[in-house]
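Here the sequence shown is numbered in this note's numbering, starting from 1 and rising by one per residue. Where is the CB? At the ideal position from N, CA and C, for every residue including glycine. In this text, all values refer to a predicted model and were calculated from it rather than measured experimentally.
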Amino acid sequence: MYPCSIQSLQADALFASALQRSDVLSSSQIRRAIAVALDGYGGPGCAGRVAQEFGDHPETAAVRMRWAHATVAALHGQPAPTQIMASAA
């Protein structure tokens, strides 16, 4: 079942929203954008938009998704997820 958590759902919605990483945003603006995206697209629609962007523009979509996850984590008072780098053997 998708998504695995409320935070994943919110990250997908933030990804699908009109907000930009370069914007200076308050937590209420972020929460509002998440609500608007979920109301407009629904959870599956947000996930579909994420999938489409990863298919069309994988490099920029990955950056936007990292931002979305970090932003949602901050909304919940959690540290931003760290990127795990695999070492080449």
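Distance CB(residue i)-CB(residue j) smaller than 7 angstroms
{"i": "Ala-11", "j": "His-76", "result": "no"}
{"i": "Trp-67", "j": "Arg-21", "result": "yes"}
{"i": "Ser-17", "j": "Ala-33", "result": "yes"}
{"i": "Ala-13", "j": "Cys-46", "result": "yes"}
{"i": "Gly-43", "j": "Leu-9", "result": "yes"}
Local conformation of residue i per DSSP, three classes
{"i": "Gly-77", "result": "coil"}
{"i": "His-57", "result": "coil"}
{"i": "Ala-37", "result": "helix"}
{"i": "Val-63", "result": "helix"}
{"i": "Ala-11", "result": "helix"}
{"i": "Gln-52", "result": "helix"}
{"i": "Arg-31", "result": "helix"}
{"i": "Ala-18", "result": "coil"}
{"i": "Cys-4", "result": "coil"}
Buried versus exposed call for residue i [16 or more other C-beta atoms within 10 Å across all chains shown]
{"i": "Ser-26", "result": "exposed"}
{"i": "Ala-62", "result": "exposed"}
{"i": "Cys-4", "result": "exposed"}
{"i": "Gly-72", "result": "Correcting the residue type first, residue 72 is Val in the shown sequence and not Gly. Counting Cβ neighbours within 10 Å, Val-72 comes out buried, since at least 16 surround it."}
{"i": "Val-50", "result": "buried"}
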